[in-house]
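Protein chains: 2
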Amino acid sequence: MNDTIRIGIVGYGHLGRGVEIALQRAPDMRLVGLYTRRDPAQLQRTGEAVPAHRMEALADHADAIDVLILCGGSKSDLPEQGPALAARFNTVDSYDTHARIPQYFAAMDAAARDGGHTAIISVGWDPGLFSLHRLLGEAILPGGASYTFWGKGISQGHSDAVRRVPGVQAAVQYTLPSPAAIARVRAGERPQLTTREKHARECFVVLAPGADAQAVRQAIVTMPDYFADYDTTVHFISAGELAREHAAMSHGGQVLRSDTTGAGHAQVMEFSLRLESNPEFTASVLVAYARAAHRLQQRGERGAKTPFDIAPGLLSPRSAEELRAMLL
Amino acid sequence: MNDTIRIGIVGYGHLGRGVEIALQRAPDMRLVGLYTRRDPAQLQRTGEAVPAHRMEALADHADAIDVLILCGGSKSDLPEQGPALAARFNTVDSYDTHARIPQYFAAMDAAARDGGHTAIISVGWDPGLFSLHRLLGEAILPGGASYTFWGKGISQGHSDAVRRVPGVQAAVQYTLPSPAAIARVRAGERPQLTTREKHARECFVVLAPGADAQAVRQAIVTMPDYFADYDTTVHFISAGELAREHAAMSHGGQVLRSDTTGAGHAQVMEFSLRLESNPEFTASVLVAYARAAHRLQQRGERGAKTPFDIAPGLLSPRSAEELRAMLL
Numbered sequence: 001m002n003d004t005i006r007i008g009i010v011g012y013g014h015l016g017r018g019v020e021i022a023l024q025r026a027p028d029m030r031l032v033g034l035y036t037r038r039d040p041a042q043l044q045r046t047g048e049a050v051p052a053h054r055m056e057a058l059a060d061h062a063d064a065i066d067v068l069i070l071c072g073g074s075k076s077d078l079p080e081q082g083p084a085l086a087a088r089f090n091t092v093d094s095y096d097t098h099a100r101i102p103q104y105f106a107a108m109d110a111a112a113r114d115g116g117h118t119a120i121i122s123v124g125w126d127p128g129l130f131s132l133h134r135l136l137g138e139a140i141l142p143g144g145a146s147y148t149f150w151g152k153g154i155s156q157g158h159s160d161a162v163r164r165v166p167g168v169q170a171a172v173q174y175t176l177p178s179p180a181a182i183a184r185v186r187a188g189e190r191p192q193l194t195t196r197e198k199h200a201r202e203c204f205v206v207l208a209p210g211a212d213a214q215a216v217r218q219a220i221v222t223m224p225d226y227f228a229d230y231d232t233t234v235h236f237i238s239a240g241e242l243a244r245e246h247a248a249m250s251h252g253g254q255v256l257r258s259d260t261t262g263a264g265h266a267q268v269m270e271f272s273l274r275l276e277s278n279p280e281f282t283a284s285v286l287v288a289y290a291r292a293a294h295r296l297q298q299r300g301e302r303g304a305k306t307p308f309d310i311a312p313g314l315l316s317p318r319s320a321e322e323l324r325a326m327l328l
Numbered sequence: 001m002n003d004t005i006r007i008g009i010v011g012y013g014h015l016g017r018g019v020e021i022a023l024q025r026a027p028d029m030r031l032v033g034l035y036t037r038r039d040p041a042q043l044q045r046t047g048e049a050v051p052a053h054r055m056e057a058l059a060d061h062a063d064a065i066d067v068l069i070l071c072g073g074s075k076s077d078l079p080e081q082g083p084a085l086a087a088r089f090n091t092v093d094s095y096d097t098h099a100r101i102p103q104y105f106a107a108m109d110a111a112a113r114d115g116g117h118t119a120i121i122s123v124g125w126d127p128g129l130f131s132l133h134r135l136l137g138e139a140i141l142p143g144g145a146s147y148t149f150w151g152k153g154i155s156q157g158h159s160d161a162v163r164r165v166p167g168v169q170a171a172v173q174y175t176l177p178s179p180a181a182i183a184r185v186r187a188g189e190r191p192q193l194t195t196r197e198k199h200a201r202e203c204f205v206v207l208a209p210g211a212d213a214q215a216v217r218q219a220i221v222t223m224p225d226y227f228a229d230y231d232t233t234v235h236f237i238s239a240g241e242l243a244r245e246h247a248a249m250s251h252g253g254q255v256l257r258s259d260t261t262g263a264g265h266a267q268v269m270e271f272s273l274r275l276e277s278n279p280e281f282t283a284s285v286l287v288a289y290a291r292a293a294h295r296l297q298q299r300g301e302r303g304a305k306t307p308f309d310i311a312p313g314l315l316s317p318r319s320a321e322e323l324r325a326m327l328l
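In order, the protein sequences belong to chains C and A.
For the first sequence, my numbering begins at 1 and goes up steadily by one.
For the second sequence, my numbering begins at 1 and goes up steadily by one.
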């Protein structure tokens with residue numbers, strides 16, 4: 001653990017910038033380069049001056065990098081980049097398309113094993129820390145029920161769905177958890193909650209010139225899967241107001257597990273996050289798991305892993321002795 | 001993972017009974033025996049009928065047990081029993097004397113390595129799940145501050161201290177967290193909190209015949225380490241009321257981590273427990289870690305471990321594939 005861990009960042013959007021910021025607080029790590037599909041000279045840089053390169057430069061940098069943190073999106077970036085890079089580098093990513101995790105894991109596992117590397121996938125808060133708490137809840141209180149609430153925060157997937165409605169020029173969608181539902185679960189009640197009872201949805205929409213507001217509203221609130229099963233509110237606002245009032249990247253939520261043991265004793269576990277910057281927090285989690293990826297590969301572990309496979313001690317720069325003495 | 005994990009319980013107080021209850025919900029485990037220093041015929045049994053034995057019987061049962069769950073106390077039971085049993089069995093325990101964990105770890109590690117076994121120590125909620133969250137908080141948000149609040153719940157150590165005061169016939173002590181302090185931390189404020197600002201202490205005391213209430217109160221509230229640094233309330237009650245109103249074993253608390261990232265974005269992580277039965281919850285955690293102890297030993301891992309060393313997936317009866325598909 002004496003050597004500095006050399007990190008490369010692939011993709012320089014909100015998440016990549018968050019990783020650059022988080023690395024400044026990791027005394028055992030050093031950022032050695034940014035890699036982007038854009039023109040490196042055009043990047044809006046934050047943080048310290050490290051070189052930015054085109055993606056193609058990675059081919060020559062394998063010896064200079066211990067772990068690549070992949071900051072691309074799950075829809076098109078990671079399914080393509082992930083396996084190609086895991087064959088040549090240790091990687092950490094925040095792959096978050098829940099339904100496709102088994103396929104993505106298989107592709108990353110094959111690539112990483114072929115190359116003798118470690119690839120930790122689906123790191124962040126959901127999937128990631130929330131997943132860990134769903135697992136802990138079920139393993140410790142197997143007779144109970146689990147509840148995940150998200151928000152208040154912007155959902156990219158739902159915002160994209162609103163933007164695809166004809167007549168919408170721009171939009172964001174907030175997911176709002178139900179305080180009443182959370183209170184019932186916290187009280188140990190173990191309610192059966194419908195989709196509508198758990199979350200509401202609130203849309204802020206900028207109409208295209210000439211669009212019919214009533215038709216747009218109707219198209220949104222009746223949209224299957226995304227909105228039909230929720231109470232959805234639609235507000236029409238100006239482009240200026242959207243830019244001014246809805247650019248924040250705050251988010252959060254909680255995972256609860258509720259059970260009774262013995263003679264009806266209620267037991268409630270809760271993990272919650274209140275985040276003023278969703279991408280900066282996700283980036284902070286990625287950096288901690290990059291440390292684990294490096295250590296696992298040094299121990300000879302190969303292939304894809306998820307947060308379920310990572311002993312918590314591997315996330316800390318402290319030694320096992322220090323952790324036992326100071327934090328246990 | 002096909003074979004049933006055979007469990008033995010050592011010590012049959014509240015914690016041992018809680019383990020017996022928790023094992024009824026573990027489909028992959030089977031309780032094979034209870035071991036006690038008392039007369040087995042005199043035990044007040046709950047749960048299923050499995051044989052109860054004197055401790056000495058363990059010498060002949062090594063082949064029948066995969067993991068022993070040690071349910072004795074940290075003050076005198078575990079320091080003696082732990083290393084002796086870890087030499088002959090895989091073990092899990094809830095050793096909770098924070099200041100002596102390094103010594104206990106060393107003794108358990110040596111014994112378990114000699115015997116070719118796995119010993120997981122300091123399992124429960126504090127140490128245990130709360131420790132995990134202190135580690136996660138520090139590893140993910142290294143620039144921030146951590147806060148642990150306990151209660152409302154009875155502290156055995158503080159109750160014992162009150163009972164040692166001359167003139168006290170019986171007593172319990174509740175640790176009360178400060179709602180105002182918790183609210184400040186949740187709001188992302190990162191306050192510097194004194195001992196007095198974090199917790200208050202409340203004592204319910206049955207006086208011995210002829211004792212001077214004022215002198216007893218004074219002796220309690222001025223007691224160094226235990227009470228002098230806190231706001232302490234002392235109530236004098238009857239033995240009947242103590243038995244009737246203060247036998248519940250509810251407890252709980254929370255671990256918070258608060259930091260700012262980037263341009264001053266507040267980020268708050270919180271893990272909290274609301275427990276109507278402290279020993280039954282601790283027992284549920286022990287059972288999940290017993291599963292991990294068995295798996296680690298089957299993989300050839302030897303020696304002492306703490307929750308910091310255990311990958312979360314090892315706690316679940318589900319396969320890694322199932323966990324990725326269902327909970328990630």
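All C-beta atoms, glycine included, are put in the ideal place defined by N, C-alpha and C.
Being a predicted model, the structure only gives us computed values, none of them experimental.
Beta-carbon neighbours of residue i, restricted to chain A and to distances below 7 angstroms
i                      : result
residue 265 of chain C : 276, 277, 280
Chain-ordered chain C contacts of residue i [CB-CB under 9 angstroms]
i                      : result
residue 236 of chain A : The contacting residues do not exist; residue 236 of chain A stays about 29 angstroms from chain C at best.
residue 270 of chain A : 254, 270, 271, 272, 273, 274
residue 320 of chain A : 306, 308, 309
Assigned exposure category for residue i - 16 Cβ within 10 Å defines buried
i                      : result
residue 232 of chain A : buried
residue 91 of chain C  : buried
residue 218 of chain A : exposed
residue 279 of chain A : buried
residue 261 of chain A : buried
residue 212 of chain C : exposed
residue 319 of chain A : exposed
residue 15 of chain C  : buried
residue 187 of chain A : exposed
residue 1 of chain A   : Low confidence applies to residue 1 of chain A: its pLDDT is 43, below 50, so where it sits in the model is not reliable enough to give any reading.
Whether residue i touches residue j by CB criterion (9 angstroms)
i                      : j                      : result
residue 190 of chain C : residue 284 of chain C : no
residue 246 of chain C : residue 172 of chain C : yes
residue 317 of chain C : residue 26 of chain C  : yes
residue 65 of chain C  : residue 93 of chain C  : no
residue 41 of chain C  : residue 57 of chain C  : no
residue 72 of chain A  : residue 177 of chain A : no
residue 227 of chain C : residue 220 of chain C : yes
residue 17 of chain C  : residue 39 of chain C  : no
residue 303 of chain C : residue 107 of chain C : no
residue 206 of chain C : residue 168 of chain C : yes
residue 133 of chain A : residue 271 of chain A : yes
residue 10 of chain C  : residue 69 of chain C  : yes
Under 8 angstroms from the C-beta of residue i: neighbouring residues of chain A
i                      : result
residue 25 of chain C  : 142, 143
residue 315 of chain C : 135, 136, 139, 140
residue 285 of chain C : 140
residue 52 of chain C  : Ordered by position in chain A, no residue passes the 8 angstroms Cβ test against residue 52 of chain C, which lies about 19 angstroms from the chain.
residue 22 of chain C  : 261
Unbroken beta strand (DSSP E) run spanning residue i, endpoints
i                      : result
residue 195 of chain A : Premise fails: residue 195 of chain A lies in the alpha helix (DSSP H), 195-198, not in any beta strand (DSSP E).
residue 96 of chain A  : Premise fails: residue 96 of chain A is in no beta strand (DSSP E) and is neither H nor E.
residue 178 of chain C : Element bounds for residue 178 of chain C: n/a, residue is neither H nor E.
residue 52 of chain A  : 52-54
residue 313 of chain C : Here residue 313 of chain C belongs to no beta strand (DSSP E), and DSSP marks it neither H nor E.
residue 250 of chain A : Element bounds for residue 250 of chain A: n/a, residue is neither H nor E.
residue 266 of chain A : 265-275
Unbroken alpha helix (DSSP H) run spanning residue i, endpoints
i                      : result
residue 282 of chain A : 278-298
residue 103 of chain A : 101-115
residue 188 of chain C : Note, residue 188 of chain C: premise wrong, no alpha helix (DSSP H); not H, not E.
residue 326 of chain C : 320-326
residue 130 of chain C : 129-140
Chain-ordered chain A contacts of residue i [CB-CB under 9 angstroms]
i                      : result
residue 122 of chain C : 324, 328
Within chain C, partners of residue i - CB distance below 8 angstroms
i                      : result
residue 127 of chain A : 328
Chain C contact residues for residue i, given Cβ-Cβ distances below 7 angstroms
i                      : result
residue 288 of chain A : 139, 140
Inset, instruction - Using a Cβ-Cβ cut-off of less than 9 angstroms, give me the residues of the segment 131-155 of chain A that come near chain C, in sequence order. - result: For chain C, the residues of the segment 131-155 of chain A that bring a beta carbon within less than 9 angstroms of one of its beta carbons are 131, 132, 133, 134, 135, 136, 138, 139, 140, 141, 142, 143, 146, in chain order.
Inset, instruction - Return the residues of the segment 296-312 of chain A that lie within a Cβ-Cβ distance of less than 8 angstroms from chain D, sorted by chain order. - result: The structure shown contains no chain D; the protein chains it does contain are C and A.
Legend entry - Cβ-based contacts, 8 angstroms cut-off: residues of the segment 101-119 of chain C near chain A: From the segment 101-119 of chain C, only 101, 102, 105 have a Cβ closer than 8 angstroms to chain A.
Inset, instruction - Mind checking the segment 211-224 of chain C against chain A and listing, in chain order, the residues whose C-beta falls within less than 7 angstroms of any C-beta there? - result: Here the close residues number zero.
Inset, instruction - Would you list, in chain order, the members of the segment 163-187 of chain C that have their beta-carbon closer than 8 angstroms to a beta-carbon of chain A? - result: Contacts with chain A (Cβ-Cβ distance below 8 angstroms) from the segment 163-187 of chain C involve 186, listed in chain order.
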